[in-house]
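Oh and the sequence shown: position 14 is 25 in the numbering used here, straight run, nothing missing.
As structure tokens, the structure follows; a few thoughts come after it.
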Amino acid sequence: HEGFIRDVTASATASGVAIEQLHPEYGMNQFEISLAPLPPVAAADSATLMRIIIGRVARKYGMRASLSPVPFAGSVGSGAHQHFSFTRDG
Numbered sequence: 012h013e014g015f016i017r018d019v020t021a022s023a024t025a026s027g028v029a030i031e032q033l034h035p036e037y038g039m040n041q042f043e044i045s046l047a048p049l050p051p052v053a054a055a056d057s058a059t060l061m062r063i064i065i066g067r068v069a070r071k072y073g074m075r076a077s078l079s080p081v082p083f084a085g086s087v088g089s090g091a092h093q094h095f096s097f098t099r100d101g
């Protein structure tokens, strides 16, 4: 999946989406991408754009990417989680 990963990261960079880390997960052909922290609306925009990029690059390679929390019955789930941090001024 090296070409797929390379194209996803290149497309993200070209689109202004900053990837902090990308690594394999526990399920077969399962990966996790962590995006750089941003203000709330920008973070939501980046997360949505990343999903679009993944789908388009997958199609380019003749694959279909599932972004479902549990893509296959009886296998490791993906979770589809988002991380949030809260702070208070002062």
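Using N, Cα and C, we set each Cβ at its ideal position, and we do this for glycine too.
Since the structure is predicted, the reported quantities are computational estimates derived from the model, not experimental observations.
Practice task
State the CB to CB distance for the pair residue 62 and residue 78, rounded to an integer number of angstroms; the pair is presumed to be in contact (CB under 8 Å).
Solution key: 6 Å
Problem - Span separating the alpha-carbon of residue 15 from that of residue 69 - result: 7 Å
Practice task
In the DSSP assignment, find the beta strand (DSSP E) that holds residue 42 and state where it starts and stops.
Solution key: 42-46
Handout entry: C-alpha distance - residue 75 paired with residue 53, whole-angstrom precision
Key = When rounded, the distance between both Cα atoms is 26 Å.
Handout entry: Check whether residue 88 and residue 81 have beta carbons under 9 Å apart
Key = yes
Handout entry: Counted within 10 angstroms of its Cβ, other Cβ atoms place residue 25 as buried (16 or more) or exposed
Key = exposed
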